[in-house]
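Reading through the structure tokens given below for one structure.
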Amino acid sequence: MKNYLALAHASVLVRDTATALGFYCGVLDMPLDAARPDLGYPGAWLNLGAQQIHLLELPNPDPATGRPAHGGRDRHIAVLVRDLDLLRKRLEQAGIAHTLSRSGRRALFCRDPDGNALEFIETA
Numbered sequence: 056m057k058n059y060l061a062l063a064h065a066s067v068l069v070r071d072t073a074t075a076l077g078f079y080c081g082v083l084d085m086p087l088d089a090a091r092p093d094l095g096y097p098g099a100w101l102n103l104g105a106q107q108i109h110l111l112e113l114p115n116p117d118p119a120t121g122r123p124a125h126g127g128r129d130r131h132i133a134v135l136v137r138d139l140d141l142l143r144k145r146l147e148q149a150g151i152a153h154t155l156s157r158s159g160r161r162a163l164f165c166r167d168p169d170g171n172a173l174e175f176i177e178t179a
């Protein structure tokens, strides 16, 4: 029997929670989890099915400067989506730069306001 069941959450460091929520909830339309406890620092939890993304407003010891332009060549979070074209339109309307996957898959990459790389993969 394998001991590992699933990924529960991934965390990203952000400079300002409100700005990050404008991107994740406003542009990407990810749902906010209001049940986040008081952890002693600002942040937010976002629900993605049974998994979450945790936004941590903490000092970042590793800024995004000098990172590869294409998020697929940088550490990133990959999120499954139903409609990549809808997401692409939302990003374009918000003026968010993105690149298509170089593998030919139905996927795209972008960065949040703090330079964290995200991959979105369309599922059939």
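Remember, this note's numbering sits 55 above the position in the sequence shown when you count from 1.
Using N, Cα and C, we set each Cβ at its ideal position, and we do this for glycine too.
If residue i sits next to residue j, beta carbons under 8 Å apart, how far is it from one beta carbon to the other, in whole angstroms?
| i | j | result |
| --- | --- | --- |
| Leu111 | Gly98 | 5 Å |
| Gly170 | Ala133 | At roughly 17 Å, the Cβ-Cβ gap does not stay under 8 Å, so Gly170 and Ala133 are not in contact. |
| Leu142 | Arg161 | With a Cβ gap of about 11 Å, Leu142 and Arg161 do not count as contacting. |
Where do the ends of the beta strand (DSSP E) carrying residue i lie?
| i | result |
| --- | --- |
| Leu163 | Ala162 to Arg166 |
| Thr178 | Thr178 -> no beta strand (DSSP E), and no H or E assigned at all. |
| Leu83 | Taken as a continuous stretch (DSSP letters only), Leu83 belongs to no beta strand (DSSP E), as it is neither H nor E. |
| Leu155 | His153 to Leu155 |
Determine the DSSP secondary structure at residue i, reduced to helix, strand or coil.
| i | result |
| --- | --- |
| Val69 | coil |
| Leu103 | strand |
| Leu76 | helix |
| Gly170 | coil |
| Gly159 | coil |
| Gly95 | coil |
| Leu62 | coil |
Decide if residue i is buried, meaning its Cβ has at least 16 other Cβ atoms within 10 Å, or exposed.
| i | result |
| --- | --- |
| Leu135 | exposed |
Discussion item. At 4 residues or longer, what runs of the alpha helix (DSSP H) sit wholly inside the segment 112 to 150?
Written reply: 139 to 148
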